[in-house]
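Chains as they are written, first to last, in our numbering: chain A, 1 to 116; chain B, 117 to 230.
For every residue, glycine included, the Cβ atom is placed at its ideal position computed from N, Cα and C.
Values in this document were obtained by computation on a predicted structure and should not be read as measured data.
These notes are about the structure you will find just below.
What follows is the structure, encoded as structure tokens:
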């Protein structure tokens, strides 16, 4: 079956530090990959996505590249801010036959805390 | 365009009562998904519905849980005879009929069973 593995947290960084959160996946076919962010007490917001190999998703200074050869989708940001403190979830949806099956499989989430 | 709406935001039930969670998808979205987030865990898929149809309920517990998405009105997740282990955050997401592969999440309903 499909699965997503994220690096264990929590991750604590100082403001302006470089961020990497590792994500690897197992899936049949050619999944679409996502990063979602959850701020305290809120629902999930889509941060970025990639739908095919070598695609790079980017948003708000965050980037992730769909690497089929290593089945990875690592999240990076060059300079984090205090406002980036949140929980980050890597997820995939497996698209069988070109149709959107839709069901998201999530990693366990990584808590990021950024200090001033 | 209003986002996905869920109510109530917080729900407290005693063991044995019923819990009803509502989800109104974004305008124009006809696909609804329910996920459960247990404490200290990630989100787990429960059920995927389109209007008047259950497409995939492979993540639903076999007993006490049911879901519907009627032609008119919100999607409802119903939990009968709640137990303490049902305490969790329940999130609804919606997506448009075209396969964009993106789901938009509501703020969640936090269920506490006492």
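Beta-carbon proximity list for residue i, same chain, < 7 Å, skipping 5 on both sides
i                     : result
residue 124 (chain B) : 225
residue 46 (chain A)  : 34 and 36
residue 223 (chain B) : 122 and 125
residue 66 (chain A)  : 33, 50, 52, 53, 54, 55 and 73
residue 199 (chain B) : 131 and 229
residue 102 (chain A) : 93
residue 4 (chain A)   : 23, 25, 90, 91, 92, 105, 106 and 107
residue 175 (chain B) : 160, 161, 162 and 163
residue 182 (chain B) : 194
residue 27 (chain A)  : 2, 92 and 94
residue 78 (chain A)  : 18 and 61
Residue i versus residue j - alpha carbon distance
i                     : j                     : result
residue 195 (chain B) : residue 178 (chain B) : 11 Å
residue 8 (chain A)   : residue 110 (chain A) : 6 Å
residue 184 (chain B) : residue 54 (chain A)  : 38 Å
residue 72 (chain A)  : residue 24 (chain A)  : 4 Å
residue 207 (chain B) : residue 85 (chain A)  : 21 Å
residue 80 (chain A)  : residue 39 (chain A)  : 15 Å
residue 218 (chain B) : residue 155 (chain B) : 25 Å
residue 169 (chain B) : residue 145 (chain B) : 14 Å
residue 129 (chain B) : residue 150 (chain B) : 20 Å
residue 187 (chain B) : residue 48 (chain A)  : 32 Å
residue 63 (chain A)  : residue 134 (chain B) : 43 Å
residue 210 (chain B) : residue 147 (chain B) : 5 Å
residue 75 (chain A)  : residue 158 (chain B) : 17 Å
residue 42 (chain A)  : residue 167 (chain B) : 26 Å
residue 2 (chain A)   : residue 165 (chain B) : 20 Å
residue 140 (chain B) : residue 13 (chain A)  : 38 Å
residue 213 (chain B) : residue 191 (chain B) : 16 Å
residue 68 (chain A)  : residue 127 (chain B) : 42 Å
N-terminal and C-terminal residue of the beta strand (DSSP E) that residue i is part of
i                     : result
residue 219 (chain B) : It is not in any beta strand (DSSP E) - residue 219 (chain B) carries neither H nor E in the DSSP assignment.
residue 199 (chain B) : That residue, residue 199 (chain B), is in no beta strand (DSSP E); it is neither H nor E in DSSP.
residue 123 (chain B) : 121-123
residue 25 (chain A)  : 23-26
residue 5 (chain A)   : 3-6
residue 225 (chain B) : 225-229
Beta-carbon contacts of residue i that lie in its chain and below 8 Å, excluding the five residues immediately before and after
i                     : result
residue 11 (chain A)  : 19, 21, 110, 111, 112 and 113
residue 119 (chain B) : 142, 220 and 222
residue 82 (chain A)  : 15, 114, 115 and 116
residue 189 (chain B) : none
Cutoff 6 Å; reference residue i; Cβ partners in own chain excluding five residues on either side
i                     : result
residue 197 (chain B) : 132 and 180
residue 44 (chain A)  : 36 and 38
residue 87 (chain A)  : 38, 109 and 111
residue 202 (chain B) : 195 and 229
residue 152 (chain B) : 160, 162, 204 and 206
residue 137 (chain B) : 193, 206 and 225
residue 172 (chain B) : 164
Threshold first: 3 residues or longer. Then list the beta strand (DSSP E) segments lying entirely within the stretch 126-188 of chain B, N to C.
126-129, 135-140, 147-153, 159-166, 169-172 and 181-184
So within the stretch 34-112 of chain A, which uninterrupted beta strand (DSSP E) runs reach at least 3 residues, ignoring any that extend past its ends?
44-50, 56-59, 62-65, 75-77, 86-93 and 104-106
Answer yes if the stretch 28-35 of chain A comes into contact with the stretch 49-64 of chain A, meaning at least three C-beta pairs across the two stretches below 8 Å, and no otherwise.
yes
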